[in-house]
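> So the sequence lines, in the order shown, correspond to chains A and B. Numbering-wise (the working numbering), the first sequence opens with residue 62 and increments by one. Numbering-wise (the working numbering), the second sequence opens with residue 57 and increments by one. This structure is in structure tokens; I'll ask about it shortly.
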Amino acid sequence: MISPNISVLDGSLYFTVSLLFVFASFIGYFIFLFTGSKMISKISFVILIAGFIIQTAAFVIRWIYAYKIGIDTPPLVDLYDSMVFFAYVIEIGYIILRIFYDFDALGFIITFIASAALAFATFYPLATSAIEPTIPALQSYWLIYHIMTLFVAYGAFAASFGLGILYLIKTGKSKNKDIENTKQKKQNRFLSLLPESAVIEESIYKVISVGLVFLTAGIVIGAAWADSAWGGYWSWDPKETWSLITWIAYILFIHARFTKGWGGKKMAWIAVIGFAVVIFCYLGVDLIIPGLHSYATPSSTPIL
Amino acid sequence: MLSKLNKFISSVKLAVFLFITIAVLAMIGTFINQGDTIKQYKTIFSPAAYHVLYWLGFLNIYDSWYFIALTLLLIVNLIAASINMFPRTIKAVFGPYPSFQEVSEKKNPKAVYEAIETKKKPEELKEVIGKKFGEPLYEKISENSDKAELYYSRNSIFRFSPYIAHISVIIIIIGVLLNFKYGFRSYTNIKVGKKTNVTYLLKNNKPIKLPFTIRLDRYRTTYYSDGIPKAYISTISIIEEHIRILTKNIEVNHPLTYKGITIYQASYGHYKPDKYGILIVNLRHIKSFKKIIYASAGKYYNSKINNIKFMLIRVVRKGKMPYFPYIIKLNNKKILNFRVIRVKNNNFPLIIARYKNIGFIMTPQLKTYYYSGVEISKNTYVSVVWIGCIILVISLFFSFFFNHEETWVSLSGINDAKKTKIEIISIPKKKFNSFYKKFDKKISELKKYLH
Ligand code: HEM
């Protein structure tokens with residue numbers, strides 16, 4: 062257990078507080094789904110923004126604290142920080158999206174993912190919030206650009222996942238509606254809250270485009286970093302390989318949509334499946350294939 | 057026949073197949089250790105499984121001929137597709153543009169059509185419509201008596217961005233393949249104080265010779281106050297023809313490049329201590345002769361006293377840990393009947409052996425050799441890869457966010473030129489909902505103005 066004193070100093074307490082806000086916002090959006098009250102969705106949005114501001118403050122506090130205890134790299138490197146940052150990125154993504162589009166219905170998926178990430182960071186025992194000195198391999202100015210770009214990409218893919226699900230709900234249900242007549246129309250309040258499927262479809266494409274640009278940039282920055290630290294820009298290490306697989310999955314998405322004229326439904330499925338690949342790349346690789354690519358000779362200590 | 061082949065080679069279907077195959081192979085490679093030695097594989101897999109995997113080529117996927125072949129096929133696919141599309145793109149950007157008539161007959165599923173009748177004169181309308189559809193990049197007017205045609209095209213130049221994205225992918229793959237062919241990646245361990253010019257390829261452990269010699273002058277690990285390693289630092293000298301060229305510290309994230317070859321700090325360690333310090337004393341002249349010899353078991357060392365040689369040998373006692381695992385053996389390979397005195401001194405059992413006037417005292421000193429594991433790479437044509445990458449990121453951005461929009465406007469006089477019929481067809485490259493919304497908005501604004 063960490064003493065509350067430390068958690069104030071290093072900012073982790075404020076992340077926990079922000080979890081409460083984001084979760085409250087999630088509950089608000091959930092209620093909104095059933096009531097359709099614009100008021101509730103607005104309140105939820107405000108609560109989400111408050112949570113986001115608290116997180117921003119927590120990041121600043123944490124970075125200053127890390128700097129004070131002699132750590133030059135920003136607090137982004139371990140599991141705790143990365144989960145928290147993931148939540149942060151998808152929140153900001155949603156907030157921006159919400160300003161441009163009427164996407165209240167997406168709120169409940171986004172806040173769900175964000176609070177899940179925050180809760181995972183807060184309660185998962187292996188993700189401790191203590192700031193540890195950076196191991197030598199990570200002491201590089203590439204680190205921050207690498208992580209930031211990739212997390213913007215991950216956040217965008219999370220949003221596209223949410224949009225994909227909305228699309229599937231919308232199109233799946235509206236078919237039933239056609240068959241079962243207008244009687245159901247009133248009952249399906251939830252459906253009417255969703256934007257038109259054509260709007261969702263376009264935003265899936267655009268959000269994935271943003272993600273793909275950033276994913277490409279993130280992989281390139283990672284390669285440049287590896288070139289200055291690892292012995293070469295590409296080592297086929299599991300994480301690298303999975304990031305390439307993720308990239309290929311989304312390049313496929315772009316091409317299938319564009320040249321084969323695949324309909325929105327298939328695209329929505331790809332957005333959902335693509336995010337599963339992202340999650341595997343982000344968490345699964347570390348949990349399932351630990352340290353496979355080890356070129357170090359026996360008895361030596363690999364330090365990369 | 058040829059056109060069928062062309063159609064296949066340039067098809068997106070083939071691209072999808074290649075992408076999926078490459079992704080699946082890459083995936084398999086993350087679950088099966090790549091490029092280990094046969095010995096290492098035999099500890100993981102049964103011989104039968106090993107043979108199957110070997111036969112399938114799954115033990116060295118990323119360097120395998122079929123992986124490279126698939127990549128090359130992807131390049132061919134990409135080039136073929138781009139070449140096939142190119143004439144159409146050129147036409148869309150530079151013309152000749154299709155006429156209103158042609159477009160309306162084609163019935164493009166992405167097209168939107170609107171017709172308005174008004175009393176306003178064509179000259180005035182041209183100006184108004186021009187305002188609505190932004191800066192007319194191109195304007196084609198084919199006028200005959202009471203008919204006019206206008207053509208607007210926005211963002212047409214960005215039609216080239218996918219081509220540039222494709223070219224950049226080709227540049228990257230070419231750079232990677234050149235590096236694969238002319239570069240290498242290898243590792244070697246160097247003991248402190250030793251030098252080497254041999255290094256072992258990562259992919260198959262084959263030794264290769266470097267054009268210079270590397271000496272490890274010093275190795276150290278520095279720590280944070282709580283004991284977590286802060287830095288691994290090797291001091292390395294480059295030696296060419298017995299002349300030291302330069303000396304530099306290398307650390308993780310701070311490699312050294314010399315003559316296009318980069319030396320990276322990769323690991324460190326020490327060999328199992330196998331040399332024991334033995335204090336040799338001349339019992340007749342204790343003051344004049346004292347010497348520590350580091351000896352490993354099974355080898356003769358000269359005691360430098362009467363030219364007597366000795367050897368440490370291991371004592372093996374069944375079922376019991378020996379009190380001290382070594383005894384001393386002298387010249388004639390027989391264990392001599394010398395006196396062994398054991399003294400428990402602190403934690404270390406002291407062994408004293410005596411032969412004639414020579415005393416052998418085991419000291420607690422062990423000789424360990426630290427070494428630094430370095431990766432030595434020749435990464436050539438990297439700049440080709442970087443240039444490709446930068447172009448790729450930029451061109452992806454322009455491909456995604458700039459949508460080519462074309463608009464045809466036909467103005468024709470009806471009812472003996474008392475009225476003008478405006479017909480508008482708009483076609484986006486990408487079927488975005490926002491495009492149609494914008495179109496509707498423009499039309500309703502136009503209608504409002506005309507009434
Ligand atoms: C290897 C990585 C590849 C990348 C990064 C890439 C990138 C792109 C991008 C960004 C676009 C524009 C898509 C849009 O605006 O929505 C595009 C379009 C296209 N790509 Fe690729 N592509 C790749 C491979 C391929 C391959 C192997 C083929 C082979 C068939 C291909 C065929 C096409 C076609 C036909 C288009 C439509 C272009 C147009 O109509 O203007 N691409 N590509």
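Quick reminder that beta carbons are idealized off the backbone N, C-alpha and C, glycines included. Predicted, not measured: the structure shown is a model, and the values here were computed from it.
Closer than 8 Å, Cβ to Cβ, to anything on chain B: give me those residues from the segment 148-164 of chain A, in chain order.
none
> Ignore the nearest five residues each way along the sequence and tell me which others in I226 (chain A)'s own chain have a CB closer than 7 Å to its CB.
I170, V333
> Helix, strand or coil: which one does DSSP assign to T277 (chain A)?
helix
> Looking at C-beta atoms only, is the number of pairs between the segment 320-327 of chain B and the segment 335-344 of chain B that lie closer than 8 Å three or more?
No: the two stretches stay apart, fewer than three of their Cβ pairs being nearer than 8 Å.
> Just checking my contact of F75 (chain B) with L313 (chain A) at CB under 8 Å: how many whole Å lie between their CB atoms?
With a Cβ gap of about 5 Å, F75 (chain B) and L313 (chain A) count as contacting.
> Can V225 (chain B) be considered in contact with ligand 1, in the sense that its beta carbon sits closer than 7 Å to one or more heavy atoms?
yes
> With respect to 7 Å, is the separation between the Cβ of P218 (chain B) and the closest non-hydrogen atom of ligand 2 below this value?
With respect to ligand 2, the structure offers nothing, as its ligand set consists of ligand 1.
> What is the DSSP secondary structure of I171 (chain A), reduced to helix, strand or coil?
helix
> Between the C-alpha atoms of Y411 (chain B) and L422 (chain B), what's the straight-line distance to the nearest angstrom?
23 Å
> Verify the CB distance criterion: does S201 (chain A) have a CB-CB separation below 8 Å to chain B?
It does: the Cβ of S201 (chain A) has a partner Cβ on chain B nearer than 8 Å.
> Can you tell me which of the three DSSP states S67 (chain B) falls into?
coil
> Which residue marks the beginning of the alpha helix (DSSP H) containing Q116 (chain A), and which one marks its end?
99-129
> Among the residues of its own chain, which have a CB less than 8 Å from the CB of N305 (chain B), if the five just before and after it don't count?
The answer, listed in chain order, is I289, S290, T291, I292.
> Please determine, among B:G231, B:L81, B:L257, B:I65, the residue with the shortest C-alpha to C-alpha distance to S138 (chain B).
B:I65
> Taking Cβ-Cβ distances shorter than 7 Å, what residues in chain A pair up with R241 (chain B)?
G292, G293
> Compute every distance between the C-beta of F456 (chain B) and the non-hydrogen atoms of ligand 1, then say whether any falls below 7 Å.
Correct: F456 (chain B) has its Cβ closer than 7 Å to ligand 1.
> So is T232 (chain A) in contact with chain B if we call contact Cβ pairs under 8 Å?
Cβ-Cβ to chain B under 8 Å: no for T232 (chain A).
> With a cut-off of 8 Å, do at least 3 Cβ pairs link the segment 204-223 of chain A to the segment 114-128 of chain A?
no
> Identify whether I284 (chain B) lies in helix, strand or coil by the three-state DSSP scheme.
Coil.
> Which residue from A:A178, A:F161, A:I156 puts its Cα closest to that of G168 (chain A)?
For G168 (chain A), the nearest C-alpha among the options comes from A:I156.
> Could you tell me the boundaries of the alpha helix (DSSP H) in which F123 (chain B) lies?
121-150
> Please state if the CB of N116 (chain B) and the CB of K237 (chain B) are separated by a distance shorter than 8 Å.
Using a Cβ distance threshold of 8 Å, K237 (chain B) and N116 (chain B) do not count as a contacting pair.
> With 8 Å as the threshold, decide whether the Cβ of N242 (chain A) is near any Cβ in chain B.
Summary for N242 (chain A): the model assigns pLDDT 49, below 50, so the residue's position carries little reliability, and this model does not support an answer.
> Check distances from the C-beta atoms of the segment 446-457 of chain B to those of chain A and list, in chain order, the residues that come in under 8 Å.
I446, L448, V449, L452, F453, F456, F457
> Just to confirm my understanding: we take I295 (chain B), look at its own chain, exclude 5 residues before and 5 after, and list those with CB closer than 8 Å. What are they?
K251, F268, T269, I270, R271, I301
> Under 7 Å between beta-carbons, which chain A residues line up against K431 (chain B)? List them in chain order, please.
The residue you asked about is not Lys; residue 431 (chain B) is Glu in the sequence shown. Among the residues of chain A, those whose CB is under 7 Å from the CB of E431 (chain B) are G292, following chain order.
> Mind checking E205 (chain B): buried by the 16 CB within 10 Å criterion, or exposed?
It counts as buried.
> Secondary structure at P405 (chain B), three-state DSSP: helix, strand or coil?
With a pLDDT of only 49 at P405 (chain B), under the threshold of 50, the placement of this residue in the model should not be trusted; the figure read from the coordinates follows. Residue state, collapsed to three classes: strand.
> From N105 (chain B) to F73 (chain B), what distance separates their C-alpha atoms?
Just to set this straight, residue 105 (chain B) is Ala in the shown sequence, not Asn. Roughly 28 Å separates the two Cα atoms.
> I need the DSSP call for I361 (chain B), collapsed to helix, strand or coil.
coil
> Assuming I84 (chain B) contacts V465 (chain B) (C-beta within less than 8 Å), just tell me the rounded distance between them.
Not confirmed; about 56 Å, so no contact.
> Given a limit of 9 Å on CB to CB distance, which residues of the segment 292-316 of chain B reach chain A?
Listed by position along the chain: E307, V308, N309, H310, P311.
> Excluding sequence positions up to five away, which residues of its chain have a Cβ less than 6 Å from the Cβ of I483 (chain B)?
N164, K166, A167, E462
> Within 8 Å, do at least three Cβ pairs link the segment 221-237 of chain B to the segment 446-460 of chain B?
Here the segment 446-460 of chain B lies against the segment 221-237 of chain B, with 3 or more beta-carbon pairs under 8 Å apart.
> Using a Cβ-Cβ distance under 8 Å, would I306 (chain A) count as near chain B?
yes
> So is S143 (chain A) in contact with chain B if we call contact Cβ pairs under 8 Å?
no
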